[in-house]
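In case it helps, this note's numbering puts the sequence shown at residues 17 to 280.
Backbone N, C-alpha and C define an ideal beta-carbon position, used for all residues, glycine too.
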Amino acid sequence: MMQPDLQVLVQEIRQIAREEILPRFEHVGFALKQDGSLLTEADLATNRRIATFLQQQWPEIAFLSEEMEREEQACLLREADALWCLDPLDGTSNFAAGIPLFAVSLALFQQGEVVLALTYDPVRDEMFSAVRGQGAWLNGKPLRCQSSEFALRNAVAIVDFKRLSLPLKQALMHQPPYGSQRNLGSCVLEWAWMAANRGNVYLHGGMKLWDLAAGTLILAEAGGYACTLQGEAVFKPALEPRSVVISPDKALFAAWLQYLQENQ
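Right, here's the structure in full:
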């Protein structure tokens with residue numbers, strides 16, 4: 017199968033997000049899904065437009081979205097050789113609350129690997145992209161992780177406490193090993209920001225496939241470091257949530273992972 021042209025994808029995803037998401041920001045209501053997460057008109061409209069575009073351009077590639085039923089998602093992961101994986105609006109809670117931190121994220125799987133990825137932040141007009149073996153880019157310019165020269169005690173940490181174990185939450189709250197802590201509320205943006213050296217260490221207790229798929233490739237191609245709390249590769253073409261530990265800095269990554277594993 018011929019790999020889709022990244023520039024064609026970048027141009028179309030950018031246009032769809034700017035037409036379907038931005039005009040609805042601070043102007044639409046929301047509904048609750050069965051799992052308690054939010055759903056807005058922007059999610060659905062973006063999902064429809066991107067699904068239609070991908071099907072027209074590359075009809076041979078199957079399509080999986082966050083908005084599908086779990087049984088359909090599982091079937092696609094089992095049976096498709098090539099598969100798009102879309103999160104049409106990650107950070108829906110932020111979007112509904114008027115907080116300008118949300119993004120569209122798309123990844124292409126082939127034989128169980130992510131081979132192409134993009135994450136687009138329409139508020140800042142920032143397009144993060146990557147192709148396996150070719151590099152990562154931010155608005156077309158090469159994206160490279162760098163050493164921060166920080167010790168862990170000085171690090172800015174991005175941490176989502178929601179799905180962490182109680183002992184680890186307590187350790188982080190009572191004896192934090194880092195200098196200060198943030199949380200963006202959008203997993204796909206957090207991956208992209210780590211690849212862009214925005215923050216020093218990162219932790220999430222359990223991400224879904226569409227939250228992590230594009231980010232794993234963008235970060236890897238930028239030269240960053242990531243694994244689960246158990247030390248495994250983060251990406252797995254499966255629906256079970258995966259914990260995520262990240263740093264753009266090799267020394268910080270090692271110190272951060274050691275702390276987390278000692279305090280689980």
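- Residue pairing by DSSP puts Met143 in a beta bridge opposite Tyr136.
- The beta-carbon distance between Asn216 and Leu268, rounded to whole angstroms, is 6 Å. This is short enough to meet the 8 Å contact definition.
- At the C-beta level, Leu134 and Val26 come within 8 Å of one another.
- Membership of Asp227 in the alpha helix (DSSP H) is indicated by the continuous run Leu225 to Ala238.
- Nearest to Gly231 by C-alpha distance, out of Leu184, Trp207 and Leu245, is Trp207.
- Here Gly156 is exposed: its Cβ has fewer than 16 other Cβ atoms, across all protein chains shown, within 10 Å.
- Excluding sequence positions up to five before and after Arg30, its CB lies within less than 7 Å of the CB of Tyr136 and Met143, all in the same chain and listed in chain order.
- Judged by DSSP in its simplified three-state form, Pro183 adopts helix.
- For Met210, the CB contacts under 7 Å within the same chain, skipping 5 residues up- and downstream, are Tyr218, Leu235, Gly240, Ile262 and Pro264 in chain order.
- Three or more Cβ pairs closer than 8 Å define a contact, and the stretch 166–174 meets that threshold against the stretch 187–194.
- Counting C-beta atoms within 10 angstroms of its own C-beta, Thr108 has 16 or more neighbours from the protein chains shown and is therefore classed as buried.
- Remark: C-beta atoms of Gln19 and Val130 do not approach each other more closely than 8 Å.
- Ser109 sits in a helix when the DSSP states are folded into three classes.
- Only buried fits Asp227, as 16 or more other CB atoms lie within 10 angstroms of its CB.
- Collapsing the DSSP output to three states places Asp21 in coil.
- In this structure, Ala90 sits away from Ala78, with a CB-CB distance that is not shorter than 8 Å.
- Secondary structure note for Leu245: it is in no alpha helix (DSSP H), with a DSSP letter that is neither H nor E.
- By the neighbour-count definition (other C-beta atoms within 10 Å, threshold 16), Asp21 is an exposed residue.
- Gln73 and Pro183 have their C-alpha atoms some 49 Å from each other.
- Counting only runs of 3 or more residues that sit fully inside the stretch 158–227, the beta strand (DSSP E) segments are 172–176, 196–198 and 217–223, in chain order.
- The C-beta separation of Ser202 from Asp106 comes to about 5 Å, placing the pair in contact by the 8 Å criterion.
- In the structure shown, Glu76 falls within a coil segment according to DSSP collapsed to helix, strand and coil.
- Counting every other CB atom within 10 Å of its CB across the protein chains shown gives Leu99 a total of 16 or more, marking it as buried.
- Annotation: the continuous alpha helix (DSSP H) that includes Gln89 extends over Arg86 to Glu95.
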